[in-house]
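**Q**
In my numbering, the protein residues as written are -4 to 262.
1. Evaluate residue 14 with the Cβ neighbour count: other Cβ atoms within 10 Å of its Cβ, from every protein chain shown; 16 or more gives buried, anything less gives exposed.
2. Does residue 208 come out as helix, strand or coil in the three-state DSSP assignment?
3. With a threshold of 16 other CB atoms inside 10 Å of the CB of residue 78, please say whether the residue is buried or exposed.
4. Using the Cα positions of residue 112 and residue 247, report the straight-line distance between them to the nearest angstrom.
5. For residue 131, which residues in the same chain have their Cβ closer than 8 Å to its Cβ, ignoring the five residues on either side in sequence?
6. Using only alpha-carbon positions, find the residue among 216, 244, 59 that is nearest to residue 11.
7. Given a cut-off of 8 Å on the beta-carbon distance, is the pair residue 75 and residue 148 in contact?
8. Give a yes or no on contact between the region 182 to 190 and the region 32 to 50, applying the rule of three or more CB pairs nearer than 8 Å.
9. Taking the straight line between their C-alpha atoms, what separation do you get for residue 202 and residue -4?
10. Leaving out the 5 sequence neighbours to the left and right, which residues in its chain are closer than 6 Å to residue 25 when beta-carbon positions are compared?
11. Any idea what DSSP makes of residue 199, helix, strand or coil?
12. Suppose the cutoff is 8 Å on Cβ atoms and the five residues either side in sequence are ignored; what does the same chain contact list for residue 67 look like?
13. Where does the unbroken alpha helix (DSSP H) through residue 53 begin, and where does it stop?
14. Quick one: any contact between the region 77 to 92 and the region 48 to 58, if contact means 3 or more CB pairs under 8 Å?
15. Tell me which residues share the same chain as residue 150 and place their Cβ nearer than 7 Å to its Cβ, disregarding the 5 neighbours each side in the sequence.
16. Taking 8 Å as the cut-off, decide whether the C-beta atoms of residue 153 and residue 83 are in contact.
17. Of the choices 191, 6, 252, 70, whose alpha-carbon is the least far from that of residue 104?
18. Which word fits residue 0, buried or exposed, when buried means at least 16 other C-beta atoms lie within 10 angstroms of its C-beta?
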């Protein structure tokens, strides 16, 4: 791959800044930063790993923002960090074992899948909130019952695998898992989603570093960009609104998927 120039680093910083702002409001920042790294000449597999590490610091701001809600979450749900991080490690190992050519072929399908997740995100969230707030039978216990716990742990493990391998759009899957397990406060659910995705990406990122998949010149600028974006761009993103951002991500995701399909067909 070509050496990182000042233009490449500036593009990575800008993409991470925008990704940090989007992630702080609606999620989906990976759909901006990941294609940008490919555009500057980075192989898709290395771009995926570098992106995971580069924008991970931005997730710390989200976790800090939900600190009050996290303090209220029942301790039983914190156990989900175990299957989540195990899954993240498995996903990262699977990515490391995937030949670069195979991952190039998978990328458009992964981007398309992530885009579909964003398409269903709003209706799924509305259904969960409606069930929580309006269903008179939706009185959930403080912690999940036995069979729900098994289902939730199994699903969270699978979510972790996907998150460690690619990860865009995992928040909506995790919201559904937490809803199945009986969480009844949407803010606490968002808080747990932040901590679980942070754990998944943190473990995956550590393994990417150990196995040498990271393009280090990009990490400092992306880390700073994602942190500043999560703090500075969040206000602009909130002003634009979640719906507009989500529509942009969906349209952008479809465009990127088509471009990736064309790129694969040209090889």
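Just so it is clear, CB atoms sit at the ideal spot from N, CA and C, and this is done for glycine as well.
**A** Taking the definition as stated:
1. buried
2. coil
3. buried
4. 13 Å
5. Low per-residue confidence applies at residue 131: pLDDT is 45, beneath 50, and the placement is therefore not dependable, though the value from the model is reported in the following sentence. Taken in chain order, the list of residues that qualify is empty.
6. 216
7. yes
8. no
9. 22 Å
10. 163
11. helix
12. 180, 183
13. 39 to 60
14. no
15. 172
16. no
17. 252
18. exposed
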